[in-house]
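A.B. asks: Read left to right, the sequence shown gives residues 447 to 554 (the numbering used here).
No residue lacks a Cβ here, since even glycine has one placed at the ideal position from N, Cα and C.
Below you will find the structure I want to go over with you.
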Amino acid sequence: MKDLPKKYLSTKDRKEMWSQAKKIISKVDKELDFSEVYAVGSMISNKKNPNDIDFAIVTKLKNKKSNSAFPIDLIILPENEDLPDYLQFFEKYMKKKYGSSFKPIKLK
Numbered sequence: 447m448k449d450l451p452k453k454y455l456s457t458k459d460r461k462e463m464w465s466q467a468k469k470i471i472s473k474v475d476k477e478l479d480f481s482e483v484y485a486v487g488s489m490i491s492n493k494k495n496p497n498d499i500d501f502a503i504v505t506k507l508k509n510k511k512s513n514s515a516f517p518i519d520l521i522i523l524p525e526n527e528d529l530p531d532y533l534q535f536f537e538k539y540m541k542k543k544y545g546s547s548f549k550p551i552k553l554k
């Protein structure tokens, strides 16, 4: 995976945050074989001290010969005061897409 442009790694905290996030993404990529990875959110803005790094990840679709894995949508959310808003957004989006009876199921 490529590094972010230097302008987004201008402070010690940003560099450390990027280094740790890159390790996590690399580990998960080994299992899921990402097609594409995008950095999005405040880390690629002019915000001086972003709290986290947001990624948009594209997984490969199942192909009989070349890829035996089923695709998954993996959304990793920070455990902070915004969590209820994120969950509410997903519930609203999924109800619109799959019908009003949709309700997320908490597994852990």
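Mapping the DSSP letters down to three states, classify F501 as helix, strand or coil.
C.D. replies: Along the sequence shown, one-based indexing puts residue 501 at 55. In this structure, F501 counts as strand in the three-state DSSP scheme.
A.B. asks: Report buried or exposed for M447, applying the criterion of at least 16 other Cβ atoms within 10 angstroms of its Cβ.
C.D. replies: The residue you call residue 447 lines up with position 1 of the sequence shown. Exposed is the call here.
A.B. asks: Compare the Cα-Cα distances from K438 to each of K476, D449 and K542 and report the closest residue.
C.D. replies: Past the edges of the chain, shown from 447 to 554, lies residue 438, and the structure says nothing about it.
A.B. asks: My understanding is that Y484 touches A502, with C-beta atoms under 8 Å, so please give their C-beta distance in whole angstroms.
C.D. replies: Here residue 484 refers to the residue found at position 38 when the sequence shown is read from its first residue. Here residue 502 refers to the residue found at position 56 when the sequence shown is read from its first residue. Right, their Cβ atoms sit about 4 Å apart.
A.B. asks: Terminal residues of the continuous alpha helix (DSSP H) containing Y399?
C.D. replies: The first residue shown for the chain is 447 and the last is 554, placing residue 399 beyond what the model contains.
A.B. asks: Alpha carbons only, please: which of L533, L455 and D479 is nearest the one belonging to M495?
C.D. replies: As a position in the sequence shown, residue 495 is number 49, starting the count at 1. The residue asked about is misnamed: residue 495 is Asn in this sequence, not Met. Out of L533, L455 and D479, L455 has the C-alpha closest to the C-alpha of N495.
A.B. asks: Please name the residue, chosen from K458, I470 and L450, that lies closest to I490 on a Cα-to-Cα basis.
C.D. replies: Position 44 of the sequence shown, counted from the first residue, corresponds to residue 490. Nearest option by C-alpha distance: L450.
A.B. asks: Could you please give the first and the last residue of the uninterrupted beta strand (DSSP E) stretch that includes S481?
C.D. replies: As a working mapping, residue 481 is identified with position 35 in the sequence shown. Looking at the DSSP string, the run of the beta strand (DSSP E) that includes S481 is F480 to V486.
A.B. asks: My guess is that V486 and D498 are in contact by the Cβ rule of under 8 Å, so how many angstroms apart are they, rounded?
C.D. replies: Residue mapping note: residue 486 aligns to position 40 of the sequence shown, counting from 1. Residue mapping note: residue 498 aligns to position 52 of the sequence shown, counting from 1. With 8 Å as the limit, V486 and D498 do not qualify as a contact, their Cβ atoms being about 11 Å apart.
A.B. asks: Which same chain residues end up closer than 8 Å to M555 when comparing Cβ atoms and leaving out the 5 residues on each side of it in sequence?
C.D. replies: Outside the displayed span of the chain (447 to 554) sits residue 555, for which this structure offers no information.
A.B. asks: In the structure shown, what three-state DSSP assignment does L520 receive?
C.D. replies: Within the sequence shown, the letter at position 74 stands for residue 520. L520: coil per DSSP, three-state reduction.
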